[in-house]
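A.B. asks: Can you keep this structure in mind? I'll have questions shortly.
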Amino acid sequence: MEVLCREFWHANQEGSGSLLAATISPIAPPSYLNRLDAIYHDTNAASISKDISYSLTKTAHAAIQYPNPEITSWTEIYSAYWYAIGAILAAEHTTTRPDWTKVYEAWKDVANTVIKGYSSGVLEAWTLPVLYTVGKHLRSFAIKADEHARASGTDASFNAGGLQDDIAGDFGKNEKLEDAARVINRMFTLCISDRAPLEESRKWGLYYITNLLFKTYFKLNSIGLSKNILRALSASRTDMPTLDSFPRSHIVTFKYYVGVIQFLEEDYAQAEENLTSAWHMCHRSATRNIELILTYLIPTLLLTRQQLPSPRLLSPYPRLGALFAPLTLAIRIGSLSAFDTALAEGEHEFVKRRIYLTLERGRDICLRNLLRQVYLAGDLDEEGKRNTRIYVKDFAAAIRLGEAGGSAGNMDVEMDDSGSGSGSAGENNDEVECLVANMIYKNLMKGYISRERGIVVLSKTGAFPGTGI
Amino acid sequence: MSSHGAFTSVSARRTFARPIPASSSTPSPPPSAAEKAKRDWPESVRHYVQRAFAAENTIASIPRQEMEIKLKKIISNSAENNTLGTIDWVKLPLPQQMILEERARPPLISANPPWGNGLAPLSLQETNVKSTDTSSKKRKSSEMDISQNGQEKIPPWRMASVRNVFEDRVTHPDKRQRNDVAAKVSSKSHHNLANRKKRFEDGQSGYLSQQPFSPSKASTPQDVDQGPIIGRSQDLEKRYFRLTSAPNPDTVRPLLVLEKTLDLLKRKWKKENNYSYICDQFKSLRQDLTVQHIKTEFTVSVYEIHARIALEKGDLGEYNQCQTQLRALYSQHLGGHPEEFKAYRILYFIHTSNRTDMNDVLADLTPTEKRDPAVKHALDARSALALGNYHRFFQLYLDTPNMGAYLMDMFVARERLNALSNICISYKPDVKLRFFTEELGFESDDESARFICDHGGQSFLEERDGEVRLLTGKALRFFETARNVAFKKVDIKGQI
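Protein chains in written order, with full-length UniProt numbering: chain A, 1 to 469; chain B, 1 to 496.
Listed below in structure tokens is the structure:
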């Protein structure tokens, strides 16, 4: 107990929030692996709060007046912490079924005492890392508790009677995490509603807590709730410090989440902005984070600028390479069959990361590249100008070839458009016209279709915008 | 422990009676009981006291008197702080061990701290003696059980388990897993239930008094939770009322009757096609199934049929309720037509343009499900739209399995406008009306012409050489606007 209290006063003297946060970590530091055991076995339930308040007073450097609200607060916090340690040790040491629900509940008590400490004004803004630590672990304990609950029960919970008209109730799969989200939301309110002058305001903790909340909402699959947070943030933006005065780590994560939220809402222009700035600000050695950012930035850029990731960009991140390389290659060479295969093979991963529906649209770019090759394969006239009138049936042949798995390079193979061909999507010219119409509609191609004559008239300049032709 | 408990408790009582005369009137063992005489001490505390006095725990160097004082302090202190329920009494070192520990250690400060309130011995106790430590470790596993079964407030899962008692009465040998399910009702929904019950409590007595023949004592709120009932009603038809009190078995129809009800409803629906009647009847049917906890293939078919009828009538609210239920029922593998309804879900999410949910549906599909014709159709329709391939989409529209066309009808107009503005921008100078009819899945030229006129585009239609043509270049901006209006947010009821 004395060790804990000495750590406490040391952190106080230094005014270091992170040192203070370390005193309440549920994970022992590598330098003192025995820490939790030592604290727990140092006292017992009957004397825990007396012990702590006594030790806190005893180890104080200066004489402390009593009653001292700070000591009262921290006595409560450390008492809750002591009980939580007990639950953690029990869960870690048991050989049968660890009770993570109990750990979660105990840790929630810690969170509540900390929140109380802040809302009563005893804990100052410099101690915010304590709030971070408590919130972070609250989330992870909740996830653990839910995992164990799921493993030991059936998935869907049912209304067993009551006054419900229908049989199945909510899918209570994430009970504790949902609870944790509510607690973290209170932390958010705690930060945003602080009216103290900026220097000592809890507003400095806003972005960390916001990120934690986003993380929790994403895990809960209720991303829509993030919108409320964003709305609250933008409402109080006027009396907030500017974004760049916050710690960089908070901002990178925040921009990443905002970017992903916009990405999922198909607001690709905004998503590009936020993800790009997250990417630029992200620490170069944070490989995992860069991977995450790029996972969404690459599909975004594919749509907004028709940009493909270069092999050089992907090479430091093998995971990203495996994810995007086949698709990228297919688009680059304009091979529809390779694109379809790559999309189908990656579907599971893409869906998991929620990028499938966006990547799917890359097929337009792939098709554009294919049609562009048809155009480039055309004859030049006497003045060296390329033929801008292309028969729909020529495009049809290319698409048929492309979908059948042939390379678009050997375009000299003359295909008979009346034949049923491979029988897949390219079976009739109406569909090809439709695809070309789409190209024009999306401004990937410039020109128009003359249905009567069965030709596509391409613009004499910039027929394929952005590709140098 | 309980074997010698009877013996020790006697001695404990006797010793306490002596030093504190006032407590002689109280039969309860605890030491500080003098003032708060009639206090009902928790079992664990009593065990603790018994252990403190047990012969094998006596330490020769510590007089009994001193131990008693210490014990009294521990308990009264914890009673004052309201920690009687939270302290793990089994783990707590015995008073004599604490004293021993204190003696082994030199006093840390000369004077009692002012906040000590004369309880210095307790607060001085900074480290546990080795012996208590090991002994508590040895006992750990059994202690966990005790503390878990301790008598704190009853946790929600225990409240839920109360009703299992009643479940056993029901004869559904095939539905063994329901016990687990019943026990898993979340505390939150429990809380809501309790609130709702409270809300209706007032009106309830009046309602029940109108039914003098009601034999069941279902009026108390606690009864609501007490598991499934078995109905006794033989009426085939029943109007739907939202439950505001525990269901009365006299008005609930048992499964055999419900099966006949479903047949009757199916016949009536075919013959009369009266949706408001059918919907009402199906809701009461669903309610009867729920209060009797019937979860079988029959339940699935009730929800499926109701969903299909709601779909046919465009009642999205009711349809969504059924879909939600079906999703949960399918996860229990009770039969039915999960693929058909998964396909509906996909089509529905096309309608609502809900990408998040669409992504979740895609994530849930198994390879087998993807090969199912209905699911495959829905997936193809989705991808055709995603890629702007209206040609393919309208071909799929004309060839929709099951009742998916009802769902597709909801967004087909919007997609037609989309295709129309697409065509207007890319075809020049004009296009035959016939082309629209074929490409946009209309049944006749008349129908496609009407569609264009309905959206105010009649001025762009022109008859030439006996053929109607649409002047694409001029109509472009016009349809673009109509399209944007059509794609504005869909109004969603009872969304899943």
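The C-beta atom is built at its ideal place from N, Cα and C for all residues, glycine as well.
Lys432(B) by DSSP, collapsed to three states: which one?
C.D. replies: It is a strand residue.
A.B. asks: Decide if Asp417(A) is buried, meaning its Cβ has at least 16 other Cβ atoms within 10 Å, or exposed.
C.D. replies: Residue confidence is low: Asp417(A) scores 39 on pLDDT, short of 50, so the model does not pin down where it sits. No coordinate-derived value is stated.
A.B. asks: Please report the residue range of the beta strand (DSSP E) in which Val457(A) lies.
C.D. replies: Taken as a continuous stretch (DSSP letters only), the beta strand (DSSP E) holding Val457(A) covers 455-458.
A.B. asks: Using CA atoms only, rank isn't needed, just tell me which of Asn57(B), Thr83(B), Asp40(B) is closest to Ala45(A).
C.D. replies: Nearest of Asn57(B), Thr83(B), Asp40(B) to Ala45(A), Cα basis: Thr83(B).
A.B. asks: On the criterion of 16 or more Cβ atoms from any shown chain inside 10 Å, does Lys238(B) qualify as buried, or is it exposed?
C.D. replies: The residue is buried, with at least 16 neighbouring Cβ atoms inside 10 Å.
A.B. asks: Which residue comes first and which comes last in the alpha helix (DSSP H) that contains Leu470(B)?
C.D. replies: Taken as a continuous stretch (DSSP letters only), Leu470(B) belongs to no alpha helix (DSSP H), being part of the beta strand (DSSP E) at 467-470.
A.B. asks: Compare the C-beta of Phe478(B) with all C-beta atoms of chain A and state if any pair is closer than 9 Å.
C.D. replies: It does not; no Cβ of chain A falls within 9 Å.
A.B. asks: Does any C-beta atom of chain B lie closer than 9 Å to the C-beta of Asn438(A)?
C.D. replies: Yes, contact with chain B.
A.B. asks: Taking contact to mean at least 3 C-beta pairs separated by less than 8 Å, is the segment 97-116 of chain A in contact with the segment 40-57 of chain A?
C.D. replies: Cβ pair count under 8 Å is below three, so no.
A.B. asks: By DSSP, does Ile115(A) sit in helix, in strand, or in coil?
C.D. replies: DSSP places Ile115(A) in helix when its eight states are reduced to three.
A.B. asks: Using beta-carbon positions only, say whether Val351(A) and Ala363(B) come within less than 9 Å of one another.
C.D. replies: Yes, the Cβ-Cβ distance between Val351(A) and Ala363(B) is below 9 Å.
A.B. asks: If the criterion is Cβ atoms closer than 9 Å, does the pair Glu2(A) and Thr23(A) meet it?
C.D. replies: Their beta carbons are not under 9 Å apart, which means Glu2(A) does not touch Thr23(A) by this criterion.
A.B. asks: Does the CB of Val431(B) have a neighbour CB from chain A at under 9 Å?
C.D. replies: Output row for Val431(B): interface = yes.
A.B. asks: For Glu431(A), which of Ala449(B), Glu439(B), Glu340(B) has the nearest alpha-carbon?
C.D. replies: Closest by alpha carbon: Glu439(B).
A.B. asks: Does DSSP put Ile449(A) in a helix, in a strand, or in coil?
C.D. replies: In this structure, Ile449(A) counts as strand in the three-state DSSP scheme.
A.B. asks: So which residues on chain A does Met358(B) lean against when the C-beta distance must stay under 9 Å?
C.D. replies: Near Met358(B) (Cβ distances below 9 Å), the residues of chain A are Leu357.
A.B. asks: Just to confirm, are Ser421(B) and Leu433(B) a CB contact at a threshold of 9 Å?
C.D. replies: No, Cβ-Cβ distance for Ser421(B) and Leu433(B) is not below 9 Å.
A.B. asks: In this structure, does DSSP put Ile331(A) in helix, strand or coil?
C.D. replies: In this structure, Ile331(A) counts as helix in the three-state DSSP scheme.
A.B. asks: Which residues share a DSSP beta bridge with Leu256(B)?
C.D. replies: Bridge partners of Leu256(B): none, in fact.
A.B. asks: Going by alpha carbons, who is nearest to Ile435(A) out of Arg453(A), Lys460(A), Pro465(A), Arg400(A)?
C.D. replies: Correcting the residue identity first, residue 435(A) is Leu in this sequence and not Ile. It is Arg400(A) whose Cα lies nearest to the Cα of Leu435(A).
A.B. asks: Out of Glu360(A), Ala463(A), Val457(A), Asn221(A), which has the shortest C-alpha to C-alpha gap to Tyr391(A)?
C.D. replies: Of the candidates Glu360(A), Ala463(A), Val457(A), Asn221(A), the one whose C-alpha sits nearest the C-alpha of Tyr391(A) is Val457(A).
A.B. asks: Where are the alpha helix (DSSP H) runs, 4 residues long or more, that stay fully inside the segment 24-78 of chain A, in chain order?
C.D. replies: Complete alpha helix (DSSP H) runs here, min 4: 35-41, 48-59.
A.B. asks: Return the residue from the list Gly15(A), Tyr217(A), Phe188(A) that minimises the CA-CA distance to Tyr207(A).
C.D. replies: Of the listed residues, the one whose Cα sits closest to Tyr207(A) is Phe188(A).
A.B. asks: The alpha helix (DSSP H) that contains Ile293(A), what's its start and end?
C.D. replies: Run containing Ile293(A): 287-304, per the alpha helix (DSSP H) assignment.
A.B. asks: Taking Gln321(B) as the reference, which of Gln458(B), Ser331(B), Glu304(B), Gly231(B) has the closest Cα?
C.D. replies: Comparing Cα-Cα distances from Gln321(B) to each of Gln458(B), Ser331(B), Glu304(B), Gly231(B), the minimum goes to Glu304(B).
A.B. asks: What are the start and end residues of each continuous beta strand (DSSP E) run of 3 or more residues lying completely inside the segment 274-360 of chain B, in chain order?
C.D. replies: The segment 274-360 of chain B contains no whole beta strand (DSSP E) run of 3 or more residues.
A.B. asks: Quick check: is the beta carbon of Leu387(B) nearer than 9 Å to any beta carbon in chain A?
C.D. replies: It does; some Cβ of chain A falls within 9 Å.
A.B. asks: Determine the closest residue to Ala235(A) out of Ile192(A), Phe218(A), Glu199(A), with distance taken between C-alpha atoms.
C.D. replies: That would be Ile192(A), whose Cα lies nearest to the Cα of Ala235(A).
A.B. asks: Residues of chain A with a CB under 7 Å from the CB of Asp88(B): which are they?
C.D. replies: Here the neighbours are Ala45.
A.B. asks: Using a Cβ-Cβ cutoff of less than 7 Å, which residues in the same chain neighbour Gly378(A) once the five nearest sequence positions on both sides are dropped?
C.D. replies: For Gly378(A), where only same-chain residues beyond five positions count, the Cβ hits under 7 Å are Arg386, Asn387, Ile390.
A.B. asks: Within 9 Å of any Cβ in chain A, is that where the Cβ of Glu439(B) sits?
C.D. replies: Answer yes: the Cβ-Cβ gap between Glu439(B) and chain A drops below 9 Å somewhere.
A.B. asks: Return helix, strand or coil for Tyr427(B), following the three-state DSSP convention.
C.D. replies: Three-state DSSP puts Tyr427(B) in a strand.
A.B. asks: Just reading off the beta strand (DSSP E) that Glu462(B) is part of, what are its end residues?
C.D. replies: Looking at the DSSP string, the run of the beta strand (DSSP E) that includes Glu462(B) is 461-464.
A.B. asks: Residues of chain A with a CB under 7 Å from the CB of Ala363(B): which are they?
C.D. replies: Result: Val351, Lys352.
A.B. asks: Going by the CB atoms, is the gap between Phe479(B) and Gly441(B) shorter than 9 Å?
C.D. replies: The answer is no: Cβ separation not under 9 Å.
A.B. asks: Can you tell me whether DSSP reads Leu212(A) as helix, strand or coil?
C.D. replies: Helix at Leu212(A).
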